[in-house]
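K.L.:
Taken in order, these protein sequences are the chains called A and B.
Its first residue numbered 1, the first sequence is counted upward by one per residue in the numbering used here.
Its first residue numbered 1001, the second sequence is counted upward by one per residue in the numbering used here.
Structure in structure tokens, see below.
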Amino acid sequence: MNKGFTRRDFIKASLAVGGAALVGSPFHIIGRTAYAAKEEYEGPLPNIDVGGIIRPPGALPEKEFRSKCISCGVCVNVCHTMKYDAIATVGIKDIRNFGTPYVKDMRDFPCALCMECPKHCPTGALKKLEMEKVTMGMALIDFGLCFGWNGDVCLSCSKACPMGAKIFDFYNGEWGNQPYINENCVGCGLCVKYCPLGGSAIKVVTEKQYGNIKPSYTAEFKKLLAMSNEERYNIVYGQNLPQIMMRGRLIEREYR
Amino acid sequence: MNTDKDRAEEQKSRSQESGEKKKKMPLSKLRRFVLLGIIILFLLQFLKIKVLVGGLSGSLAVWFVKLIDIFAYFESLIASKDFTLTAFLAVLPIIGIYLVFGRAFCGWVCPMDFLFEIVDGFKNWSKVKVKASPKIGYVIAAALLITSGLIGVPFFTNYFSHLTNFFRFITGGVFFALDLPFEPSVLAYSGGIIVLLLVVEYIFPRTWCRVLCPVGKTYGLFNKISLIRLKFREGACGECNLCDQVCYMNVKIARHIDRSSLRDTNCIYCGRCAEGCETKGKLVKIKLGR
């Protein structure tokens, strides 16, 4: 007598699936974090730290934000229902900020500046404000990896930017269109996602960290602009282009 | 013949009884419907249906009304030492709701109550064993408020709250399944807190709700002024003490049965006493108003 798929079968199957998921999930997590670490290593500006956590738009200053946020998860879920999924919660490593929201993965899930989370935060830790006045962070271009700084014309970042011409300065020359992001940048990270280089050539750091590294970063920028053609040729063909080519091969992950 | 007649009569009376029961849903069932309904409304947010967004410590109803748990509000207020109108407007509707329903939050909305009942099912419910006074909870709540004021972080709500961690766990699990950005450590931590509470529940039944939980204690204060109360009908009490024994929260009901009503800060209006009463006509009832 063939009863087909009985209840017992169903229980067995569900137990098997559940068990497999339980056994498999740690490997899943470990694999992914390992890959994330690898990408971090291969990311742009490896010498510059993000310098803290990048909050959702409209966040109060760090200390006030920490005291007001009750980590209820409204912003996380609002971002999810808006289908951007940019906001995650801070892990246990940073115990002082544990459970509070931050923008985790700008390469895949940048903030789209829809301004829904500050509008709906029930605690007032995120304050409602205009899109132009957001100060999430500051996007920095890695001049060694950017196509526009290495003999190419690429406008991907400026096309993705919601502020557009306000933020991008172009120093067109023989070595490409040479984009530079000025201080009007709000740090949403859309350019990070739409950079065509494997692993992106743009990194978003906090405003505080930008204050620390600003002298060295602008000095490098000015040095590159003032450089003679011969020196520039050596840098581009000697160091940068091999790097760029390698990234195309190494970083396999598709962007989402 | 005789026996058949008796049986028929019995059946008749039984069917009448069941008919009466069908008219009014038993409170224990209604309670579960309310709770599961609210949780399902929260789960709908992952299908992008914006009825209730967030969690029970803070949420957004119908994409418009902001809501904050009262204890979370006070913690945030003391931690930041700064009055925010947004947060105040968010806590007002909750205060309004529980001025009517008192501590019914614990019995009707809190998801831990449901989980605790499942854990209770693994062993026979016996009378509450831990004799600690429920007043300890107020000391703990005050200590938590002072701590959050000192460290400048809503201490309980951010780290240990069962409400926050329950919804954090669900969100983390869903994001994990959908391969969205989340921290594995947050998922593990919040799951750990929930499991810890369930283990505590297994060893010391209902000690968390009755003695420790500061959220419940805050709502308990509302019991003194809320519209809802335990009402006693006049009648001959059989003094079986079933209402006392069946009570999760160790409220002494039989002792006060001579009064017309009872307001106890520990009562969660779950209705177990009303269902447990064996006297004909049920002496105990939950009622709104006088």
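For each residue, glycine too, the CB sits at the ideal point set by N, CA and C.
Computed from a predicted structure; not experimentally measured.
#1: Applying a beta-carbon distance threshold of less than 8 Å, which residues of chain B neighbour A:Gly99?
#2: First and last residue of the beta strand (DSSP E) that includes B:Leu1230?
#3: Starting from the beta carbon of B:Tyr1189, find every residue of chain A whose beta carbon is closer than 7 Å, and list them in chain order.
#4: Under 8 Å between beta-carbons, which chain C residues line up against B:Thr1084? List them in chain order, please.
#5: Where does B:Ile1094 sit, in a helix, a strand or coil, going by DSSP?
#6: When DSSP labels each residue in this structure, what does B:Leu1288 get in the three-state scheme?
#7: Going along chain B in order, which residues have a C-beta closer than 8 Å to the C-beta of A:Val76?
#8: With a CB to CB cut of under 7 Å and the five nearest residues on each side skipped, what residues in its chain are close to A:Pro110?
#9: Leaving out five residues on either side along the sequence, give the residues of the same chain with a beta carbon under 7 Å from the beta carbon of B:Ile1078.
#10: At which residues does the alpha helix (DSSP H) containing B:Asp1264 begin and terminate?
#11: Distance, Cα to Cα, B:Ser1302 vs B:Lys1287?
#12: Would you tell me roughly how many angstroms separate the C-alpha atoms of B:Thr1157 and B:Asp1179, rounded to the nearest one?
#13: With a cut-off of 8 Å, do at least 3 Cβ pairs link the stretch 1097 to 1112 of chain B to the stretch 1212 to 1230 of chain B?
#14: Between which residues of its own chain and B:Lys1022 is the CB-CB distance below 7 Å, once the five residues before and five after are set aside?
#15: Return the chain-ordered ranges of every alpha helix (DSSP H) run that is complete within the stretch 159 to 219 of chain A and spans a minimum of 4 residues.
#16: If we count Cβ pairs, one from each stretch, closer than 8 Å, do we get three or more for the stretch 143 to 159 of chain A versus the stretch 197 to 208 of chain A?
#17: Between which two residues does the alpha helix (DSSP H) holding A:Ile87 run?
#18: Count Cβ pairs between the stretch 61 to 79 of chain A and the stretch 1056 to 1072 of chain B that sit closer than 8 Å; are there 3 or more?
#19: Could you check which residue in A:Lys104, A:Val78 and A:Val153 has the C-alpha nearest to that of A:Val50?
#20: So, B:Phe1042 versus B:Leu1052, is the Cβ gap smaller than 8 Å?
#21: Could you tell me the distance, in whole angstroms, from the CA atom of B:Cys1267 to the CA atom of B:Phe1160?
#22: For chain B, is any of its Cβ atoms less than 8 Å away from the one on A:Cys72?
#23: Quick check: the Cα distance between B:Val1119 and B:Asp1113, rounded to an integer number of angstroms?
#24: For the pair the stretch 174 to 182 of chain A and the stretch 146 to 166 of chain A, tell me if three or more CB-CB distances fall below 8 Å.
#25: By Cβ distance, which residues of its chain are closer than 7 Å to A:Ile92, with the 5 residues on each side in sequence left out?
#26: Could you check where the alpha helix (DSSP H) with B:Leu1060 kicks off and where it finishes?
#27: Looking at the strands, I want to know which residues DSSP matches up with A:Pro101.
#28: Using a threshold of 8 Å, state whether the C-beta atoms of A:Val17 and A:Ile53 are closer than that.
#29: Does the count of Cβ pairs from the stretch 224 to 235 of chain A and the stretch 74 to 86 of chain A closer than 8 Å reach three?
#30: Closer than 6 Å by C-beta to A:Ala112: which residues in its own chain qualify, once you throw out the five before and the five after it? Chain order, please.
#31: How big is the Cα-Cα spacing for B:Leu1044 and B:Arg1168?
#32: So is A:Lys223 in contact with chain B if we call contact Cβ pairs under 8 Å?
#33: Near B:Val1251, which residues of its chain fall below 6 Å by C-beta distance, leaving aside the five closest residues on each side in sequence?
#34: Could you say which of A:Trp175, A:Ala88, A:Ala125 and A:Met163 lies nearest to A:Ala59 if we only look at CA atoms?
#35: Can you give me the C-alpha to C-alpha distance between B:Phe1204 and B:Val1195, rounded to a whole angstrom?
#36: Assuming B:Gly1054 is part of the beta strand (DSSP E), what are its boundary residues?
P.N.:
Taking the structure as given:
#1: In the first sequence, residue 99 of chain A corresponds to position 99, counting from 1. Residues of chain B passing the Cβ test: Asn1158, Tyr1159, Thr1164, Arg1168 and Val1186.
#2: If you number the second sequence from 1, residue 1230 of chain B lands on position 230. Boundaries of the beta strand (DSSP E) harbouring B:Leu1230: Ile1228 to Phe1232, taken from the DSSP string.
#3: Your numbering for residue 1189 of chain B matches position 189 in the second sequence. Under the 7 Å cutoff, chain A gives Ile92.
#4: Among the protein chains in the structure shown, which are A and B, there is no chain C.
#5: For this step, residue 1094 of chain B is matched to residue 94 along the second sequence. Helix.
#6: The residue you call residue 1288 of chain B lines up with position 288 of the second sequence. It is a strand residue.
#7: Numbered from 1 along the first sequence, position 76 holds the residue referred to as residue 76 of chain A. Against A:Val76, the close residues of chain B are Thr1171, in the order they occur along the chain (beta-carbon pairs closer than 8 Å).
#8: Counted from its first residue, the first sequence places residue 110 of chain A at position 110. Contacts found: Ala86, Cys188, Gly189, Leu190, Val192 and Lys193.
#9: Along the second sequence, one-based indexing puts residue 1078 of chain B at 78. Correct list, in chain order: Leu1145, Ser1148 and Gly1149.
#10: Position 264 of the second sequence, counting from 1, holds the residue named residue 1264 of chain B. Element bounds for B:Asp1264: n/a, residue is neither H nor E.
#11: The question about residue 1302 of chain B has no answer here: the residues shown for chain B are numbered 1001 through 1290.
#12: Numbered from 1 along the second sequence, position 157 holds the residue referred to as residue 1157 of chain B. Numbered from 1 along the second sequence, position 179 holds the residue referred to as residue 1179 of chain B. One C-alpha to the other measures close to 27 Å.
#13: By the Cβ test, the stretch 1097 to 1112 of chain B is in contact with the stretch 1212 to 1230 of chain B, since at least three Cβ pairs between them sit closer than 8 Å.
#14: The residue you call residue 1022 of chain B lines up with position 22 of the second sequence. Unreliable positioning characterises B:Lys1022 in this predicted model, as indicated by a pLDDT of 49, which lies under 50. A coordinate reading is not provided.
#15: The alpha helix (DSSP H) runs lying completely inside the stretch 159 to 219 of chain A and spanning 4 residues or more are 190 to 194, given in chain order.
#16: At 8 Å Cβ cutoff, the stretches touch.
#17: Mapped onto the first sequence, residue 87 of chain A falls at position 87. Element bounds for A:Ile87: not the alpha helix (DSSP H) but the beta strand (DSSP E), Ile87 to Thr89.
#18: Short answer: they touch.
#19: Within the first sequence, residue 50 of chain A is the residue found at index 50, counting from 1. It is A:Lys104.
#20: Counting from one through the second sequence, the residue named residue 1042 of chain B turns up at place 42. Counting from one through the second sequence, the residue named residue 1052 of chain B turns up at place 52. Yes. Within cutoff.
#21: Along the second sequence, one-based indexing puts residue 1267 of chain B at 267. Along the second sequence, one-based indexing puts residue 1160 of chain B at 160. So the two alpha carbons sit approximately 23 Å from each other.
#22: To locate residue 72 of chain A, count along the first sequence from 1; it is residue 72. Judged by the 8 Å Cβ criterion, A:Cys72 is in contact with chain B.
#23: The residue you call residue 1119 of chain B lines up with position 119 of the second sequence. The residue you call residue 1113 of chain B lines up with position 113 of the second sequence. If I take the Cα positions, the gap works out to 10 Å.
#24: Cβ pair count under 8 Å is three or more, so yes.
#25: Indexing the first sequence from 1 puts residue 92 of chain A at position 92. Annotation for A:Ile92: Phe98 place their beta carbon closer than 7 Å to its own, counting only its chain and skipping 5 residues before and after.
#26: On the second sequence, residue 1060 of chain B is found 60 positions in, with the first residue counted as 1. In the DSSP assignment, B:Leu1060 falls outside any alpha helix (DSSP H) and lies within the beta strand (DSSP E) extending over Gly1058 to Ala1061.
#27: Taking the first sequence and counting its residues from 1, the one referred to as residue 101 of chain A is at position 101. Beta-bridge pairing links A:Pro101 to A:Thr89.
#28: The residue you call residue 17 of chain A lines up with position 17 of the first sequence. The residue you call residue 53 of chain A lines up with position 53 of the first sequence. No Cβ-Cβ contact shorter than 8 Å links A:Val17 with A:Ile53.
#29: The answer is no - the stretch 74 to 86 of chain A does not touch the stretch 224 to 235 of chain A, with fewer than three Cβ pairs under 8 Å.
#30: By 1-based counting over the first sequence, the position of residue 112 of chain A is 112. Closer than 6 Å at the Cβ level, and outside the excluded window around A:Ala112, lie Tyr84.
#31: The residue labelled residue 1044 of chain B in the question sits at position 44 within the second sequence. The residue labelled residue 1168 of chain B in the question sits at position 168 within the second sequence. Those two C-alpha atoms are separated by around 15 Å.
#32: Working through the first sequence from its first residue, we reach residue 223 of chain A at position 223. Not an interface residue.
#33: Residue numbering aside, residue 1251 of chain B sits at position 251 when the second sequence is read from its first letter. If you ignore the 5 residues before and after B:Val1251, its C-beta comes within less than 6 Å of the C-beta of Asp1264, Asn1266 and Cys1267, all in its own chain and listed in chain order.
#34: Within the first sequence, residue 59 of chain A is the residue found at index 59, counting from 1. Ranked by Cα distance from A:Ala59, the options A:Trp175, A:Ala88, A:Ala125 and A:Met163 are led by A:Ala125.
#35: Looking up residue 1204 of chain B in the second sequence gives position 204. Looking up residue 1195 of chain B in the second sequence gives position 195. Separation of B:Phe1204 and B:Val1195 (C-alpha to C-alpha, rounded to the nearest whole angstrom) is 14 Å.
#36: Working through the second sequence from its first residue, we reach residue 1054 of chain B at position 54. Boundaries of the beta strand (DSSP E) harbouring B:Gly1054: Leu1052 to Gly1054, taken from the DSSP string.
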